[in-house]
Amino acid sequence: MKIMELIFILTYECNFRCTYCDIDKRDESISQKLLQDSIVFLEKNNFPIKKVKFFWGEPLLKKDYIKYIIANFPKSYNPDFYITSNSTLIEDQFIAFIEDNNVKLTFSLDGDIETTSVNRLLQNWKNLSQEIIKNSEKYSNLIRVNQVITSKNAKDFFKNFLFIYNLWVTRFNFLPEYYAEWSKEGLGNLKRWFHEIKRFYNEGNRFELINLENYSKVAFFNLGIIIDTDWKIYGTNLILSWIFEKYKKDLVIGDIHNWLNYDIHDKEFNLHYQSKINRFINKEYSPVILKSVKYVDLILNDFCYKFHN
Ligand code: SF4
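Under the working numbering, the first residue of the sequence shown carries the number 959, and numbering increases by one thereafter.
What follows is the structure, given as structure tokens:
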């Protein structure tokens, strides 16, 4: 049976407003009752889930929910837990919980203060960016970093990588911006600096590349069992994006109070579901953006392949 991942959408809210984030931020969160029902749903089923992820909105707005899920997750699954956060709501007590439960924690950090601030649409952006940098350094031995690279900041990609590396961070997930238009120059810079990062590694500077852990058959978006705040279950987290919310009814695969409507292990179903996702993506994005996605994906995959071989 194919290993799957489970994503809990705990909330659509976030204390940030990043320029590259498509989530329709709003005051909508899962309830305690639905969390309990989700655990019962998982107990009754036996999915081959090995990864449970919390990300998109800001999961640390719901720390108690994360603690509840991890403490009560059916023991028969024994999955790894992953949190991706902007880091500004972290504190030592929660870090202790993370360590005790061996949770993999990722902070999103684009680079130095100027680069990180550019993509955060906040009034007190400088303080918050400083906060992310401070937290990344403080917990560097524990965390992974999502370094977001955009067409614009790609010129400083390597400089920003070194900045993060010098905070003693040793686990990197490089995340070029997907579903955005990239200039020729931006793509050239992306390729060039990936090459430089590989050279830096070959010189004996040690860090881990964790991109392959996040591989998905649909560029950028995850596939699996996604439990939404409204008790419905989807096969992709594409539905978090405001652009694709209108397709929710076409992408729903069940709800936590009933059995799934489909056999998610069925090859035919999966092929059909993925082609439906691709159809929606092709409908919503311009050919120029789709072309950029292809190039970005190609450059990133090429780097990952070379890095690991
Ligand atoms: S921190 Fe994450 S969830 Fe929040 S706005 Fe930025 S990208 Fe979106």
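Every residue gets a Cβ at the ideal spot worked out from N, C-alpha and C, and that includes glycine.
In the DSSP assignment, find the unbroken beta strand (DSSP E) run with Glu-1226 in it and report its ends.
-> Run containing Glu-1226: none in the beta strand (DSSP E); it sits in the alpha helix (DSSP H), 1225-1242.
Thinking C-beta only, is Asn-1104 closer than 8 Å to Thr-1042?
-> Taking 8 Å as the cut-off, the Cβ atoms of Thr-1042 and Asn-1104 count as close.
In the segment 992-1071, which residue ranges form an unbroken beta strand (DSSP E) of at least 3 residues, counting only runs that do not cross its ends?
-> 1007-1012, 1038-1043, 1062-1066, all fully within the segment 992-1071.
Three-way DSSP call (helix, strand, coil) for Ser-1087 in this model = In the structure shown, Ser-1087 falls within a helical segment according to DSSP collapsed to helix, strand and coil.
Going by the beta-carbon positions, is the gap between Tyr-970 and Asp-980 smaller than 8 Å?
-> No, the pair does not count as a contact, with Cβ atoms beyond the cut-off.
Residue range of the unbroken beta strand (DSSP E) whose run includes Leu-968 = If you look at Leu-968, you'll find it isn't in any beta strand (DSSP E); DSSP assigns it neither H nor E.
Can you list, in chain order, every residue whose CB sits closer than 7 Å to a heavy atom of the ligand PLP?
-> No copy of the ligand PLP appears in this structure; the ligands present are the ligand SF4.
With 16 other CB atoms within 10 Å as the buried threshold, where does Gly-1162 fall?
-> By the neighbour-count rule (16 or more Cβ atoms within 10 Å), Gly-1162 is not buried but exposed.
Can you name the residues that DSSP bridges to Ser-987?
-> Paired residues: Thr-969.
Using only alpha-carbon positions, find the residue among Arg-1078, Asn-1169, Asn-973, Phe-1121 that is nearest to Cys-1262.
-> Nearest of Arg-1078, Asn-1169, Asn-973, Phe-1121 to Cys-1262, Cα basis: Asn-1169.
Can you tell me the Cβ-Cβ gap for Phe-1115 and Leu-1148, rounded? I've got them flagged as a contact below 8 Å.
-> Indeed they touch by this definition, with Cβ atoms about 7 Å apart.
Would you call the CB atoms of Gly-965 and Asn-1195 closer than 8 Å?
-> Residue identity check: residue 965 is Ile in the sequence provided, not Gly. Yes, Cβ-Cβ distance for Ile-965 and Asn-1195 is below 8 Å.
Name the residue from Ile-1211, Gln-1051, Asp-1255, Asn-1059 whose alpha carbon lies nearest to the alpha carbon of Phe-1031.
-> Of the candidates Ile-1211, Gln-1051, Asp-1255, Asn-1059, the one whose C-alpha sits nearest the C-alpha of Phe-1031 is Asn-1059.
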